[in-house]
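Numbering (my numbering), first residue to last: 21 to 169.
What follows is one structure encoded as structure tokens, with my remarks underneath.
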């Protein structure tokens, strides 16, 4: 199985630049992901690889037209645990592959995901049934990153 290349996304955060009085760079690790639909596979979507996320999070416009096994309603909370700051989701099972721009891809995998009822969330790949299945290697200094089964 070939390695699937990941990539880094970096950008400056101007508000923090002003606070710390120097360049403050935000760094994210990213990967392509395709979802199983009724006709094969969707286009590749750019997702954040988040080793701090316990489960993947998918915006509504991505999952709404996919065959999804909906399991339960749920609310997720982040750093702020107040109820009014929670995001309603559906816990579901979905099929996907992780891909890169060179045509490499993983085998099809089934995963639990938090299916957002809005598009106001990023597409995040988390640990449950996804990152727990792959070896993830990254070195920002050399700008090299990949995953493998």
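In this text, a Cβ means the ideal position worked out from N, Cα and C, and glycines have one as well.
Checklist entry - What do you get for residue 126, buried or exposed, if any count of 16 or more other CB atoms within 10 angstroms of its CB means buried? => result Counting Cβ neighbours within 10 Å, residue 126 comes out buried, since at least 16 surround it.
Checklist entry - Is it the case that the Cβ atoms of residue 111 and residue 134 are separated by a distance below 9 Å? => result Residue 134 sits close to residue 111, with the two beta carbons spaced by under 9 Å.
Item to check | C-alpha distance - residue 147 paired with residue 26, whole-angstrom precision | outcome: Rounded to whole angstroms, residue 147 to residue 26 spans 16 Å at the Cα level.
Checklist entry - Looking at the structure shown, is residue 34 part of a helix, part of a strand, or coil, going by DSSP? => result Helix at residue 34.
Next on the checklist: Can you check which of these residues, 44, 151, 164, is closest to residue 129 by C-alpha distance?
Outcome noted: Nearest C-alpha to residue 129: 151.
Checklist entry - On the three-state DSSP scale, how would you describe residue 39? => result Annotated three-state conformation of residue 39 is helix, per DSSP.
Item to check | Residue of 132, 96, 23 minimising C-alpha distance to residue 138 | outcome: Comparing Cα positions, the closest option is 96.
Checklist entry - Between residue 65 and residue 143, which are expected to be in contact by the criterion C-beta below 8 Å, what is the C-beta distance as a whole number of angstroms? => result About 6 Å separates the two Cβ atoms, so the contact holds.
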